[in-house]
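Heads up: the structure comes next, in structure tokens.
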Amino acid sequence: MMNQTNEALTDFQRKVYEACSQIPAGKVSTYGLLAKAISCGSAQAVGQALKVNPFAPEVPCHRVVKTDRSIGGFFGQREGAEVTRKVNLLKEEGVKFDERGRVAQGQLWAFSREG
DNA sequence: ACCGTGACGGCGA
DNA sequence: TTCGCCGCCACGG
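Throughout the first sequence, residue numbering follows the numbering used here, covering 12 to 126 in sequence.
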């Protein structure tokens, strides 16, 4: 995946991207869950790394939503075109949404320790 | 080295 | 249930 000259990436970012890559198509995870998977105490910090993800969509940062299952942001935007794109990508992967625009239950991916 | 800024999360109102 | 506040922690200036 990130076999290029990634000196611009911090160690933290690599951990975030690696964990994110584990999420399969058709499933989503949350910033909080991902943070926990890499032993980080801040979901917000995870979001910071994802917003500058240089490997999208190889590293599926679009499969990460908020804990309340609302869509969250995409490439720095918390609303607008990019966010709509995020929803479309998920729909294409088979992810279902409820009438409130949140990811329907039963589609969360739980990180089961491997890294 | 300090300070402000976030694709967040939990909690009280 | 939605809103606001505060805590979290990594980054750039």
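Glycine included, C-beta positions come from ideal geometry on N, C-alpha and C.
For C31, the enclosing alpha helix (DSSP H) begins and ends at 22-31. The continuous alpha helix (DSSP H) containing V94 extends over residues 92-103. Spatial neighbours of A30 in its own chain (CB-CB distance under 7 angstroms, excluding positions within 5 residues in sequence) are listed in chain order as L45, A48, I49, F122, G126.
Taken through DSSP and simplified to helix, strand or coil, V106 comes out as coil. In the displayed model, V39 falls within a strand according to three-state DSSP.
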